[in-house]
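Data first, discussion second: the structure below is written as structure tokens.
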Amino acid sequence: MTDAIDPGPTAGGTRSIAIGTNTGTAISGDNAKVLNVSAGALRAPDKVPMPARLASLPRSPADPFVGREADLQLLGQALHLQGASVVTQAVYGLGGVGKSELALQYAARHAEVHPLIWWASAEDCELLHGALANLARRLEPAHALLGTTTADAAEWATQWLQCHSGWLLILDNVEDHATVAAFLGQVGRHGRVIMTTRRDINWRGSAKPLLLDVLTSGASVELLIRLVGSPDEAEALEYLAAELGYLPLALEQAGAYIAEQRITVAKYLMLLREKPAETFQGVDEGGQASRTIARVWDITLEAIRGKDPRAELLLRVMAYFAPDSIPRRLLGADASAADSVDKALGILASYSMITLDQQRIVMHRLVQAVLREQDNGLYGGIDHTKTPAATATRILTSAAPDGDPHTNIEIWPAWRELMPHIDALTRAINDDQATVETAALLAKSAFFASTQGEHNVALPQERRALAIAEARLGPHHPVVGTTLLNLGQTLTALGKPAEALPLLQRGLAITEAVHGPEHPDVAIGLSHLARTMTELGRAAEALPLRRRELAISEAAFAPDHPTVAIALNNLAGTLEALGKSAEALPLRERALAISEAAFGPDHPTVAIRLGNLAVTLTTLGRPADALPLHRRSLAISEAVLGSDHPELAARLNNLALTFDAMGKAAEALPLRERALTISEAAFGPDHPTIGVRLNNLAQTLNDLGKPAEALPLQQRALAISEAALGPSHPTIAVWLGNLAQTVDALGRAAEALPLRERALAISETALGPDHPDVAKGLLNLGGTLITMSRASEALPLLQRALPIIERALGPKHPIVAIALGNLAHAFQDLGQIGEALPLQERALAISEAALGSDHPQVATGLNNLAGTLAALGKAVEALPLQQRALAISEAALGSHHPVVAIRLNILAQTLDALGRPAETLPLLQRALAISEAALGPDHPDIAIRLSNLAHILKALDRKSEAVPLLQRALAISEAAQGPDHPTTAAIRRTLGLQKQR
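Count along the sequence shown starting at 1, add 79, and that's the number in this note's numbering.
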């Protein structure tokens, strides 16, 4: 018995078919078609023609597209001006720089040139073969029908490219040279290839590389404006573009997010600075999350990690340095690790995460920001000494040079190289991440900044160093004491002595408790405290601190040690503040001798000592002796520091000061101008130092009789200082006083008055009512009131100023003599000449005792006393005083000094009062000649000299000679001081003229 035959599948329904009931080809479906392909039906690559138009691009080109026209042109030139038919152009750069976009834009713009444009992802061989296989299937559909393998289809596409010309192939995101090397060698000589890659590697002749950099600032802002549509926020957009490092993808992402969320640019900038990585995850709703910056770089980091985990760690460490010019030597300081560091750097550079040469590393700031924020998650909760930030701290600490930057100038270049990286590190880490090592690094950095005069840089570093040290070590640790002392010194340098004082007192107490009262560190604390006391107008209290500082230094060190020179120099400065320049002089001389022996004759410390000694000599009325010292100081500084160093500006300024004291303002002027130029180049146009330089230049212009030129300089100086220091800083009071002096010189005393009043208010508020600077403000305000014929209002101010100065500086200080003279002037203007006389006599006695009988200030005292005697009708007694004053001025300042002209003029007035005009005439003629030679023919003082000379000529019945002198005087005064100046009006009256309307 046999089995029943199986009939096979059965089917039901009116349109059903079944194998068992049909023969031949069975077709099912309403629109089914059949294509019979024989095994040999696949055409050869050379038999498949070039399509009329075939393009496969991943997306439409970006719009807007700005700032890349030059790169597109270079790309086109490289692709079309080469000898070979196949030209590969490797466009490489940092992720997000726009490599693929550049290729896409090129392809879109050249669609008419290339009938076939094919985009192939080429990150690895599998992706490349897949893209080529897809090309084969588009060119020859039989590949799909026959189920050709990817490898066979890719091979067919490669042969097709060999057989045809005019095509453009874009290999996107090439990771390795090996991935494309064989393919590039096969595709023949008839097409063109663009490769995009993050890798900066040696392409060994297979491609011409084109480095794609970030956009320019202008192009970045233009792109943001077109994306955001807010040209009114141009300034904020500039900040945003800079924060994004001008990276195109970041700019596009930011612009799209701002537009989508309808937030301000400032709001986005705040988000970006607070949380860069998180912000870059927040693309606009229609954006491609896979193209966000964080994701692009995560992919790159994963690839780097796979090649060498140390390279990723090194990248994370460098994220805490300044992005520009990271020295390679910092990372390879350990010789045993140098080779592995070089290898890691090579990998990072090949992925364009850094730019590398033999000396320097550059890293994009946005990469750094994202990596740092990632670190918060990667390293949170672990020992902070093992984080990338801690590693960066150790590297910079190890690189910080040993030695005192005040004296060891050879370490300056190393410090200047490290400073931006220390600043970047300490800005990047929070207080929880900071360690004692961080505090020490900040303190060292601040110390160097202070030696360079960059106290604004030092201040925040020292504040933070103190906070870290106190938190980690406790409030009584010696490191805390040292940090307090340094912070106090910086605050004093910035004009905040009241704020500095308690910090210095606390720092000194800690230092003494830890080290004992005779330790050299205690001398340092005493020095800082004494300086602050002096700045607070308490020089008398500072003096014993200075003496103790010197005693400790001499006991701790040899008598010719540089530290002893510092203490000598400091003591001399305090003595000078107390008006004891004669006592200061031998200390300055000894300090100079020690420094020369210790450092040699050409050291910058010697330049400082020379300058200090020269200033003392000038104060003692010996500017001619000071001049060669200043010149030598300047020559040393220029030779050692170069012609553009800011310290050189200080030397130039001191030399100019001595020239001014010698009445050589014309020689001082180019020095002032050069000092200003150097300082502006070093610090920028808005640094407080620029305010100092502008005021110095203005003072010299005033000496040259050019107050109209001085005025805008002082106004700019005031604006700079107010912006940098605030409107209530004591320096503002000084600048206001200088400005008022210039306005006074222009005959506008009414305008000067509110400036004087504001200056006094600032000084009283900032320094207290008993500070010497308050007394100076009172003296200046009183002087302006006297000029305005308001001596009764000036008198109580001047009476208040005198005891303040006496208490602060002692009753025998030279400034007390000046205050006495001003007070006497007020009494004299009020007709109380009897009260003025003893004040003038006391003023003269103080000046002679403090400064010596031959000092120029003594000549001023003699003249003032003579003037009071003359007002009392005692011209005969006044005459020998004026003659002596003339002799002192000529001996001290030279026979051609403008002050000598003033002395001659006053002496002539007394002779005239005594009825001796014939003796007066040669004195006035000589005074005029001196003034013209020293000040120029158009100085306002020339008008006064001419008027006085004309007066005597008229008295000698030589009126015809007098009139042209008066006419010339009127023209000078009107041009220099204006038609309403009191001097102009007086000359006009003498000529019998009315003011022209």
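Heads up, the beta-carbon is just placed ideally off N, CA and C, and yes, glycines get one too. Small disclaimer: the values here were computed from a predicted structure and weren't measured.
| Check | Outcome |
| --- | --- |
| Ser1026 in three-state terms, based on DSSP | helix |
| Whole-angstrom distance between Leu206 and Thr227, CA atom to CA atom | 17 Å |
| For Ala118, the three-state DSSP class (helix, strand or coil) | The pLDDT assigned to Ala118 is 48, lower than 50, so where the model puts this residue is not dependable, and the model offers no usable value. |
| Collapsed DSSP secondary structure at Arg1068 in the structure displayed | helix |
| Nearest-angstrom Cβ-Cβ length linking Ser722 and Gly770, presumed shorter than 8 Å | Contact doesn't hold; Cβ gap of about 23 Å is too wide. |
| C-alpha distance - Arg610 paired with Thr571, whole-angstrom precision | 8 Å |
| For Ala157, the three-state DSSP class (helix, strand or coil) | helix |
| Ile981 beta carbon near the ligand MG (any heavy atom closer than 7 Å) | Because no ligand of any kind appears in the structure shown, any question about the ligand MG cannot be addressed here. |
| Residue burial classification, Glu219 (beta-carbon count within 10 angstroms, cutoff 16) | buried |
| Where Pro1061 falls, given that 16 or more other Cβ within 10 Å makes a residue buried | exposed |
| Proximal residues to Val253 (C-beta, below 6 Å), its chain only, five neighbours per side dropped | Ala201, Val259, Met274 and Thr276 |
| Contact under 8 Å by Cβ, Thr434 with Gly174 | no |
| Rounded straight-line distance, which links the Cα of Ser1010 to that of Pro1016 | 8 Å |
| In chain order, each alpha helix (DSSP H) run of at least 4 residues that lies wholly inside the stretch 755-789 | 767-782 |
| Residue span of the beta strand (DSSP E) that contains Ser135, given as start and end | Leu133 to Ser135 |
| Contact set for Thr821: own chain, Cβ-Cβ below 8 Å, skip 5 residues either direction | Ala777, Asn781, Pro786, Ala789, Leu790 and Gln793 |
| Contact set for Thr866: own chain, Cβ-Cβ below 7 Å, skip 5 residues either direction | Asp823 and Ala828 |
| Neighbourhood of Met442 by C-beta distance below 6 Å, restricted to the same chain and skipping five residues each side | Met397, Pro402 and Ile433 |
| Within 8 Å, strictly: CB atoms of Arg711 and Ala735 | no |
| Asp251, buried or exposed, once every other Cβ within 10 Å from all chains shown has been counted against 16 | buried |
| Cβ contact (3+ pairs, closer than 8 Å) linking the stretch 180-194 and the stretch 118-138 | yes |
| Under 8 Å between C-beta atoms of Leu410 and Leu393 | yes |
| Top-ranked residue by Cα proximity to Val979, from Thr989, Leu986, Ser968 and Ala987 | Ser968 |
| Exposure of Asp436, with buried meaning 16 or more beta-carbon neighbours within 10 Å | exposed |
| In DSSP terms, what Ile196 is bridged to | Ala134 and Leu247 |
| Stretch pair the stretch 617-625 + the stretch 577-586: three plus CB contacts closer than 8 Å | no |
| Collapsed DSSP secondary structure at Thr275 in the structure displayed | strand |
| Leu435 - DSSP class collapsed to helix/strand/coil | strand |
| Coarse secondary structure for Val51, derived from DSSP in three states | The shown model of the chain, from 80 to 1076, leaves out residue 51, and the question about it has no answer. |
| Leu290 in three-state terms, based on DSSP | strand |
| Inter-residue Cα distance where the pair is Leu1077 and Leu615 | Look at the range of the chain in this structure, 80 to 1076, and you will see that residue 1077 is not part of it. |
| Residues near Ala744 in its chain [Cβ-Cβ closer than 6 Å; skip 5 each side] | Thr779, Asp782 and Leu783 |
| Pair within 8 Å by beta-carbon distance, Gly816 and Gly856 | yes |
| Sufficient close CB pairs (3 or more, under 8 Å) joining the stretch 875-887 to the stretch 857-864 | yes |
| Cut-off 6 Å between Cβ atoms - residues of its own chain near Val113, not counting five sequence neighbours on either side | Residue confidence for Val113 is low, a pLDDT of 46 falling below 50, so the modelled location carries little weight; the figure read from the coordinates is stated next. Same-chain partners within the cutoff: there are none. |
| Own chain partners of Leu580 with C-beta closer than 6 Å, once the 5 adjacent residues on each side are dropped | Thr611 |
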